[in-house]
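2 protein chains.
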Amino acid sequence: MPVFRDNGKNALKKLRKDLRSGFYSFLVLSILEREGDLHGYAIRKGLEILSEGKLVPSEGTLYDLLKSLRKYGLVEDFQTEVGGRFRRYYRITDSGRKVLAELKNEVQWLMETLGKVL
Amino acid sequence: MPVFRDNGKNALKKLRKDLRSGFYSFLVLSILEREGDLHGYAIRKGLEILSEGKLVPSEGTLYDLLKSLRKYGLVEDFQTEVGGRFRRYYRITDSGRKVLAELKNEVQWLMETLGKVL
DNA sequence: TCCTATACATCGGACTTCGATGTATGTTCG
DNA sequence: CGAACATACATCGAAGTCCGATGTATAGGA
Chain A
474 MPVFRDNGKN
484 ALKKLRKDLR
494 SGFYSFLVLS
504 ILEREGDLHG
514 YAIRKGLEIL
524 SEGKLVPSEG
534 TLYDLLKSLR
544 KYGLVEDFQT
554 EVGGRFRRYY
564 RITDSGRKVL
574 AELKNEVQWL
584 METLGKVL
Chain B
474 MPVFRDNGKN
484 ALKKLRKDLR
494 SGFYSFLVLS
504 ILEREGDLHG
514 YAIRKGLEIL
524 SEGKLVPSEG
534 TLYDLLKSLR
544 KYGLVEDFQT
554 EVGGRFRRYY
564 RITDSGRKVL
574 AELKNEVQWL
584 METLGKVL
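Residue numbers (our numbering), protein chains in the order written: chain A, 474 to 591; chain B, 474 to 591.
Put into structure tokens, the structure is as follows:
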């Protein structure tokens with residue numbers, strides 16, 4: 474039993490994580506729509522600025538996430554050489570834009586509903 | 474490959490789910506704080522009313538969730554007999570109240586940050 | 001020279017969510 | 001009367017997510 478007499482510290486950390494991680498896909502799509510094509514590292518940097526360092530997936534998570542978004546056809550990726558070095562850029566697709574628009578409504582609704590709970 | 478030429482429908486469903494499920498623990502704690510002791514089924518009913526049927530975990534999820542909250546000491550459960558029938562009630566603990574208070578701040582902050590993104 | 005930042009990617013482990021399945025009793029309605 | 005639905009509990013397997021560790025490589029600054 475690793476978690477015993479937790480006094481809420483681990484629990485809080487975990488629940489905070491749960492709250493935040495649900496928005497990762499939404500945020501990645503948002504930043505790609507807003508800033509244009511970016512590579513993985515730049516996406517993370519962008520999210521750091523956007524959220525004051527708080528809504529940023531780990532690197533492992535981000536690459537899994539991008540893979541998943543690609544699988545669903547919401548982003549596409551292409552490789553380029555920048556200064557002789559390989560870079561993989563991501564671009565939001567038309568399908569991605571549509572999904573993002575719906576997600577914005579969802580987030581809006583969520584905010585209203587949570588406002589009632591608070 | 475089950476997901477191919479998705480055109481965004483499955484993706485949207487999945488991303489919506491991700492957005493919502495992060496709030497389940499928060500909502501369960503909220504409803505227990507607000508309504509007092511409840512059993513599993515009543516928690517689900519309560520969330521249905523609170524969220525117009527939209528922020529409601531499946532039964533399987535709810536029982537897993539309650540188990541997890543219990544493990545962290547955020548809720549405690551006790552068995553009662555109501556009309557000759559077994560019922561398991563859940564109650565938020567002091568630790569749970571403290572964590573919930575912090576989560577409320579978190580949600581508040583999240584709403585503000587997302588407001589900027591929208 | 002060493003550390004940090006940039007940049008990519010994979011892997012295992014822990015955990016979550018869902019839907020299916022199973023067990024019961026109570027109520028309602030045709 | 002009998003079927004269907006609501007109430008109520010719980011478990012299981014499958015799929016997926018997130019993290020942190022690990023690994024590779026270059027550039028630039030202290």
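Every residue, glycine too, gets a C-beta built ideally from N, C-alpha and C.
Asked, Found
"Proximity below 8 Å, CB of Ser488(B) to CB of Ser498(A)", "Before going on, a small fix: residue 488(B) reads as Leu here, not Ser. Yes."
"Test: Gly546(B) CB closer than 8 Å to a CB of chain A", "yes"
"is_contact[Ala515(B), chain A] using C-beta, thresh 8 Å", "no"
"8 Å Cβ shell around Leu485(B) - same chain, five flanking residues per side excluded", "none"
"Within-8 Å CB hit, Ala484(A) to chain B", "yes"
"Listed by chain order, chain A residues near Thr534(B) by CB distance under 7 Å", "In chain order: nothing, as chain A lies at least about 12 Å away."
"Three-way DSSP call (helix, strand, coil) for Glu525(A) in this model", "coil"
"Assigned secondary structure, Asp510(A) (DSSP; H/G/I helix, E/B strand, else coil)", "coil"
"Any C-beta of chain B under 8 Å from that of Val476(A)", "Here the model assigns Val476(A) a pLDDT of 43, short of 50, so the residue's position is not dependable and the matter cannot be decided."
"Beta carbon of Tyr536(A) nearer than 8 Å to that of Asp550(A)", "no"
"Local Cβ density within 10 Å of Ser531(A), reported as buried at 16 or more and exposed below that", "exposed"
"First and last residue of the uninterrupted alpha helix (DSSP H) at Tyr536(A)", "Glu532 to Lys544"
"Residue environment, Ile522(B), which counts as buried when at least 16 other CB atoms sit within 10 Å", "exposed"
"When Thr534(A), Leu500(A), Gln581(A) and Ser541(A) are compared against Gly481(B), the one with the closest alpha-carbon", "Ser541(A)"
"Alpha-carbon to alpha-carbon, Phe496(B) and Lys577(B)", "11 Å"
"Cβ separation of Val548(A) and Leu505(A), assumed to be a contact under 8 Å, to the nearest whole Å", "6 Å"
"is_contact[Ser531(A), chain B] using C-beta, thresh 8 Å", "no"
"Own chain residues within Cβ distance below 6 Å of Arg493(B), not counting five before or after", "Leu528"
"Proximal chain B residues relative to Gln581(A), where beta-carbon distance stays under 8 Å", "Leu591"
"For Leu573(A) and Ser503(A), the rounded distance between their alpha carbons", "7 Å"
"Under 7 Å (Cβ pairs) to chain B, residues found in the segment 561-572 of chain A", "Ser568, Lys571 and Val572"
"Cα-Cα separation, Arg560(B) to Asp510(B)", "12 Å"
"Three-state secondary structure assigned by DSSP to Thr566(B)", "coil"
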